[in-house]
Each structure stands twice: as C-alpha cells, then as structure tokens.
Amino acid sequence: MPPRPVASEARPEPVQGNARPVSRRKARDLSGWLYVAPSLLINSLFLLFPVVATLWMSLTSWNGLESPQWVGAANFQELFASSAFWEAAINNAKWTVIFLTVPIALALWVAAALLRVRRLGFLQTLFLVPYILPTVVQARVWQGMIFNPETGLFGWLNKHGFNIPDPLIATAFSLYGIALVNLWAWWGFLTVIFFAAFRQIDRSLLEAAQVEGAGFWQQWIHIQIPLIKPTILFMLIMTFVWSFLVFDYVYVLTDGGPAGSSEVLSTLAFRYGFERFEFGKAAAVSAFAGLLGMFAISFYLWLQKKGFER
Amino acid sequence: MQRRRLEVTALAGLLILMALVTLFPIAPMLLNSVKSDIAVQTNPLALPDHLALDNFSKAWDQAHLGRSIFLSLRIVCLTVCFTCSTTCLTAYALARRKVRSWPLVSGYFLAATTVPITLLIFPLYGLLVRLGLLGNEAVLALIYTAIYTPFSVFLLRSYFLAIPLELEEAAQIDGASGFQIFLQVALPLVTPGVLTVALIVEFYSFQGRFGTQWSLMMANSVLLAGPIIIIFLILQRFFVEGLVAGSVKG
Numbered sequence: 007m008p009p010r011p012v013a014s015e016a017r018p019e020p021v022q023g024n025a026r027p028v029s030r031r032k033a034r035d036l037s038g039w040l041y042v043a044p045s046l047l048i049n050s051l052f053l054l055f056p057v058v059a060t061l062w063m064s065l066t067s068w069n070g071l072e073s074p075q076w077v078g079a080a081n082f083q084e085l086f087a088s089s090a091f092w093e094a095a096i097n098n099a100k101w102t103v104i105f106l107t108v109p110i111a112l113a114l115w116v117a118a119a120l121l122r123v124r125r126l127g128f129l130q131t132l133f134l135v136p137y138i139l140p141t142v143v144q145a146r147v148w149q150g151m152i153f154n155p156e157t158g159l160f161g162w163l164n165k166h167g168f169n170i171p172d173p174l175i176a177t178a179f180s181l182y183g184i185a186l187v188n189l190w191a192w193w194g195f196l197t198v199i200f201f202a203a204f205r206q207i208d209r210s211l212l213e214a215a216q217v218e219g220a221g222f223w224q225q226w227i228h229i230q231i232p233l234i235k236p237t238i239l240f241m242l243i244m245t246f247v248w249s250f251l252v253f254d255y256v257y258v259l260t261d262g263g264p265a266g267s268s269e270v271l272s273t274l275a276f277r278y279g280f281e282r283f284e285f286g287k288a289a290a291v292s293a294f295a296g297l298l299g300m301f302a303i304s305f306y307l308w309l310q311k312k313g314f315e316r
Numbered sequence: 038m039q040r041r042r043l044e045v046t047a048l049a050g051l052l053i054l055m056a057l058v059t060l061f062p063i064a065p066m067l068l069n070s071v072k073s074d075i076a077v078q079t080n081p082l083a084l085p086d087h088l089a090l091d092n093f094s095k096a097w098d099q100a101h102l103g104r105s106i107f108l109s110l111r112i113v114c115l116t117v118c119f120t121c122s123t124t125c126l127t128a129y130a131l132a133r134r135k136v137r138s139w140p141l142v143s144g145y146f147l148a149a150t151t152v153p154i155t156l157l158i159f160p161l162y163g164l165l166v167r168l169g170l171l172g173n174e175a176v177l178a179l180i181y182t183a184i185y186t187p188f189s190v191f192l193l194r195s196y197f198l199a200i201p202l203e204l205e206e207a208a209q210i211d212g213a214s215g216f217q218i219f220l221q222v223a224l225p226l227v228t229p230g231v232l233t234v235a236l237i238v239e240f241y242s243f244q245g246r247f248g249t250q251w252s253l254m255m256a257n258s259v260l261l262a263g264p265i266i267i268i269f270l271i272l273q274r275f276f277v278e279g280l281v282a283g284s285v286k287g
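Those sequence lines, one after another, are chains A and B.
The first sequence runs contiguously to residue 316 in this note's numbering.
The second sequence runs contiguously to residue 287 in this note's numbering.
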C-alpha cells in the first residue's frame, strides 16, 4: 500500500465511537491527548509562540534592547510606502513565476520519460543528488566552479572568446543566477514526486492509448498529467508558499546584492532585524510573506473541501 | 513499431543528458579539491598536475571542520532523538485513537509546515539572548524538532495506518494495555518509517562552514558532501519513500 499523502490529512474523518458511554470516551480522548502532548508542547513553545510573537512584534517598534512600543499599523504603512519593500516583493513574484513553470514542466516531462524508459528509472536517484547537498556546498560549487570569472567555467569560457558575465555580480542577472542554482537542486525532487505519482496510474490506460496510436506527447498531455492533477496542484501551492519564503540561497549567494538587485522579502527582513535593529519592521515583512502563504494554504484546503480532487 | 523504438531511444538519450547536466557541477568540485589554489585560477577545468591531498587536512584545520562537524553531529543526534520519540507517539495517536479534535490538530500541523524561519527568528533570538541560551545545543535541537515535527507526524502516521488492525486487536485480547500495544506491537512494525524520518531530519539539519580559498573550499565541500552522498546512495530507498509519502496522493 502506498503511504498516505500529507495534504489529505486535513480532511475531516468520520468519528467513531459515538455510541460508547461518555465517560469511557473521555478516558480514551484523554489518553489520546497524552500521546500528542509532547509534540504539541514542543511545537507550540518553539514554533507557534514565536510566530504569534512575530505577529505582535510587527505592530510595535523595537530595537532589541528597550521595551517594545505599540505603534499599530505604522510599520506596514512605512513598508508599503518604501520602494525597497516593493522591489523585494517583485523579486519574490518573479521567483514564483519561474518556479511555478520551469521546474514543474521539466520534472513532469522527465518523470514521464523515466516511466517510458523503465530501464533508466534508477536515474531518479542521480537527479536527487544535488537536492541532498547542504545549501552552502551547492552555493560554493556554483559560485566558485561555474560562475566565477577566474576559477569557474564562465571564466574559462571568457578566455575562449565567449563573453559571459558572472550573473551573481550583475544587477540585471543576480536573481536569475540564484534561481538557476536553486533550480538545479530542486527539479530532481519534483521529478521523484511526479515519477511516483505517474507510477500509480493504471498501466492498462496507457497501453490502451498506445494501441490506439497515441505517442509519448499525447499520453503525457491527455492521460498522465490530468490523472495526477491533485499532486501537481499540491506542488504548485507549496511552490507558491516557498517562493515567498526563499531565504538560504539568496543569503548565501549574494545576500541580496549587488545594489539590492536580488533582495527578497526574507533577506530584507533579516537586514531590518540584524543590521538596523528595527525588529518591528523585520517582523512586519516576515508577517506579510507568512500571511500570503497562509492564504495560499487556506485556498488549497478550500479547493479540497469543494471536492476538486474527486 | 519503428516509431516507438525511435521514441524510446530519443527519450533515453535526453534522460542521460539530463543526468550529465545534473552531475556536471560536482565534477569541478572533485577536480579542484585536489589542486593548488594557483592551478585552480590558471585553468579550473584542467586535470591536476599533482594531487594536492594536503588540501583536505588544511581545509579540516582552517575551518575547524572537526569541531564544527562534531558540534553539528551532536545537534543532529539530539534533534533526531527528540523528533523520533515525540512524533512516533503523536502519529500513532492520530492514526489509531479516534478523537473528535484530531482534524484540528492535523490542520495545525499542516499550517506549521509552511512557517518560514523569518517568522520565528526574531522573537526566538531575543528570548534566547535574554535567557543566555544562545548557542545552547539542546535548545537548538528543540527548535529543529519543532520545525520537523509536522512532516514527521504525517509520514509516520501513514506507516501506522498501514498496520493491520487485527494485530493490535489480538494484543488487546491478550490483555495488553494501550501503551504496551503501541510500544511492543505497533512501534516495531514502523521501524522503516522511523528510520526514514531520522534520515531526512539528519539531512536537513546538517550544514557546514567555509574558508576563503577556492581549492580549500572545494576540499571542504567534498569532505561535507562525500559522506552525505554515500549515506544517501546506500539508504536511497527510504529517502525517496519518505519524500514521496509527503506529497503524492494515492
């Protein structure tokens, strides 16, 4: 039996045992809660509490030393009036568009190809290798060995007559340079997910289509992709959420530079917090990005409830 | 028939090309980790004229790699212990005890999977500084645990659901208590699941430190990435299973 999915867990389940005597059910409920307690305790202490504190902080002015002052929506008003904030938000939007399209399309195609050429199925492991490397290793390898004008592939190409600048130090390309590194690490993960989803499709459907003369593309477009729509939708929503939260790749590769050209909301929040000690504003930026994600998740749950998947 | 064979050949060729592109950046990493810094700058793509194996010992010393790996490993071990022990209990209860509030608890964990580090860091940082706990390993491990809990709960729950109910009912008839059933019947059966969680949490919480020269940086990268890649290749089945369980709807 294939493991059950994450996303469907939120679907309400029929509650059994309503017919039992109330006191016995209460005892059962209590012991159930005891099992859940350690996780909930750790999670609320180190996750829920800081999130609530961040939301509250976003309505205050705080330099990290004196006690916070309540300022209401002033942080948000200042942010919405600042060009740095909108430039970062637009970079997140560009990032979202790239990651909603390129890796999803690539992974869908490669997963279908792996299914067609079953003997090469083992390649999914190789495609996953970049994904498991620590982000700093990925970043240093691309920075030093690919992009670097002296020690990298680009430097070598420059010496041989191809004039390619280091994208990480060019304001016009820095965001795309970072995106390329993240894409390299990310698309293999999606491929593994989609490959697993494709494998759950009834083979006889594809065989029937083949008998009818449908080629690779026709099967892909008309049978495989429509049948794994729920998985694709889930990955699209998660991509949207993650795109507004992207931090580590930008932080390690350019730290938002040069000249703020690759700044995203999370690195901007870091700058407000740990460089300028304006923790209220930092919290406001984070809250903005986090709330967008929450809306996306709510939208997804709403779609699910409406029975999109059935 | 001819067309079909052509199609498979073309697809196979493209797949192999994708594999090469994927692995390509790793080659110069290996290559330049055994070259002198000057050789890296002269021609990063050339083969080394001699093997500068002392890069590895230099990288190890320069970045205090031994100490930072030891430190990371201690935090990783603590995180894995905390995560596995608490989420086994939670996942089991969510799978087997029917409590009316469970959809709410699941919904909370689902929402928690999307919480970014920037939503946590500022209050946590302030709090830890005030309590003098900044850099405390156990606290750090607990923060990681909180972050990995939702994923682990959902993954392990799917393993508990796959155990046939009859096994537990038989144990109940034999007079085992609820906790005994969990510990002696259900838990041993989900060992692969626990291993998967441990593996993925270990991968996510392990990061390293770096110096300044590119040759040493690559030696450093090899030292960090090597063990990870080897462990991954050995245990890939569990790893892939865990990732897929999180996202594919069966």
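Even glycine gets a Cβ: it sits at the ideal position worked out from N, Cα and C.
Computed from a prediction, not measured in an experiment: that's the story for all the values here.
Work out the CA separation of residue j and residue i for me, nearest whole Å.
{"i": "leucine 271 of chain A", "j": "alanine 145 of chain A", "result": "20 Å"}
{"i": "leucine 131 of chain B", "j": "arginine 137 of chain B", "result": "11 Å"}
{"i": "leucine 232 of chain B", "j": "isoleucine 265 of chain B", "result": "16 Å"}
{"i": "leucine 204 of chain B", "j": "leucine 260 of chain B", "result": "46 Å"}
{"i": "phenylalanine 55 of chain A", "j": "threonine 186 of chain B", "result": "15 Å"}
{"i": "asparagine 257 of chain B", "j": "leucine 186 of chain A", "result": "23 Å"}
{"i": "isoleucine 158 of chain B", "j": "leucine 141 of chain B", "result": "26 Å"}
{"i": "phenylalanine 119 of chain B", "j": "isoleucine 229 of chain A", "result": "44 Å"}
{"i": "threonine 237 of chain A", "j": "leucine 112 of chain A", "result": "15 Å"}
{"i": "alanine 6 of chain A", "j": "proline 140 of chain A", "result": "As displayed, chain A neither begins before 7 nor continues past 316, which places residue 6 of chain A out of reach and without an answer."}
{"i": "alanine 290 of chain A", "j": "tryptophan 68 of chain A", "result": "12 Å"}
{"i": "aspartate 208 of chain A", "j": "alanine 275 of chain A", "result": "47 Å"}
Classify residue i: buried if its beta carbon has 16 or more other beta carbons within 10 angstroms, exposed otherwise.
{"i": "proline 225 of chain B", "result": "exposed"}
{"i": "glycine 23 of chain A", "result": "Confidence is the limiting factor: at glycine 23 of chain A the pLDDT is only 47, short of 50, which leaves the residue's position unreliable and the question unanswerable from this model."}
{"i": "tryptophan 251 of chain B", "result": "buried"}
{"i": "proline 232 of chain A", "result": "exposed"}
{"i": "asparagine 169 of chain A", "result": "exposed"}
{"i": "alanine 96 of chain B", "result": "buried"}
{"i": "alanine 95 of chain A", "result": "buried"}
{"i": "threonine 197 of chain A", "result": "buried"}
{"i": "alanine 214 of chain A", "result": "exposed"}
{"i": "valine 217 of chain A", "result": "exposed"}
{"i": "valine 58 of chain B", "result": "exposed"}
{"i": "valine 113 of chain B", "result": "buried"}
{"i": "phenylalanine 197 of chain B", "result": "buried"}
Check whether the Cβ atoms of residue i and residue j sit closer than 8 Å, and answer yes or no.
{"i": "leucine 298 of chain A", "j": "isoleucine 110 of chain A", "result": "no"}
{"i": "leucine 259 of chain A", "j": "glutamine 149 of chain A", "result": "yes"}
{"i": "threonine 116 of chain B", "j": "threonine 182 of chain B", "result": "yes"}
{"i": "alanine 148 of chain B", "j": "methionine 151 of chain A", "result": "no"}
{"i": "threonine 177 of chain A", "j": "proline 44 of chain A", "result": "no"}
{"i": "threonine 151 of chain B", "j": "leucine 193 of chain B", "result": "no"}
{"i": "threonine 60 of chain A", "j": "alanine 293 of chain A", "result": "yes"}
{"i": "phenylalanine 219 of chain B", "j": "phenylalanine 146 of chain B", "result": "no"}
{"i": "arginine 122 of chain A", "j": "leucine 48 of chain B", "result": "yes"}
{"i": "glycine 291 of chain B", "j": "isoleucine 237 of chain B", "result": "There is simply no residue 291 of chain B to check, as chain B begins at 38 and stops at 287 in what is shown."}
{"i": "phenylalanine 250 of chain A", "j": "asparagine 49 of chain A", "result": "no"}
{"i": "tryptophan 192 of chain A", "j": "tyrosine 137 of chain A", "result": "yes"}
{"i": "leucine 189 of chain A", "j": "serine 267 of chain A", "result": "no"}
What first and last residue would you give for the alpha helix (DSSP H) that runs through residue i?
{"i": "asparagine 154 of chain A", "result": "Looking at the DSSP string, asparagine 154 of chain A is not in any alpha helix (DSSP H), and its letter there is neither H nor E."}
{"i": "lysine 95 of chain B", "result": "91-99"}
{"i": "aspartate 254 of chain A", "result": "254-259"}
{"i": "glutamine 224 of chain A", "result": "222-225"}
{"i": "glutamine 83 of chain A", "result": "80-87"}
{"i": "aspartate 208 of chain A", "result": "Neither: aspartate 208 of chain A is in no alpha helix (DSSP H) and is coded neither H nor E."}
{"i": "leucine 126 of chain A", "result": "Looking at the DSSP string, leucine 126 of chain A is not in any alpha helix (DSSP H), and its letter there is neither H nor E."}
{"i": "threonine 141 of chain A", "result": "141-147"}
{"i": "proline 56 of chain A", "result": "55-63"}
{"i": "valine 270 of chain A", "result": "Segment: none, valine 270 of chain A is in no alpha helix (DSSP H) and carries neither H nor E."}
{"i": "phenylalanine 159 of chain B", "result": "158-168"}
{"i": "serine 143 of chain B", "result": "139-149"}
Here's a check: name, in chain order, each residue in its chain whose Cβ is nearer than 6 Å to the Cβ of residue i, leaving out the five neighbours to either side.
{"i": "proline 18 of chain A", "result": "Confidence at proline 18 of chain A is low in this model, with a pLDDT of 41, below 50, so the placement of that residue is unreliable and no value is reported for it."}
{"i": "alanine 302 of chain A", "result": "Ile243, Phe246, Val247"}
Starting from the C-beta of residue i, find all residues in its chain whose C-beta is less than 8 Å away, skip the five residues before and the five after it, and write them out in chain order.
{"i": "alanine 79 of chain A", "result": "Leu65"}
{"i": "tyrosine 278 of chain A", "result": "Glu284, Phe285, Lys287, Ala288, Val291"}
Using a Cβ-Cβ cutoff of less than 7 Å, which residues in the same chain neighbour residue i once the five nearest sequence positions on both sides are dropped?
{"i": "phenylalanine 128 of chain A", "result": "none"}
{"i": "valine 252 of chain A", "result": "Trp101, Val270, Ser272"}
{"i": "aspartate 172 of chain A", "result": "Phe153, Asn154, Pro155, Phe160"}
{"i": "glycine 103 of chain B", "result": "Trp97"}
{"i": "leucine 114 of chain A", "result": "Phe200, Ile231"}
{"i": "cysteine 121 of chain B", "result": "Val231, Val234, Ala235"}
{"i": "lysine 72 of chain B", "result": "Pro85, Ala89, Ser252"}
Of all Cβ atoms in chain E, is any one closer than 8 Å to the Cβ of residue i?
{"i": "tryptophan 97 of chain B", "result": "This model lacks chain E altogether, as its protein chains are A and B."}
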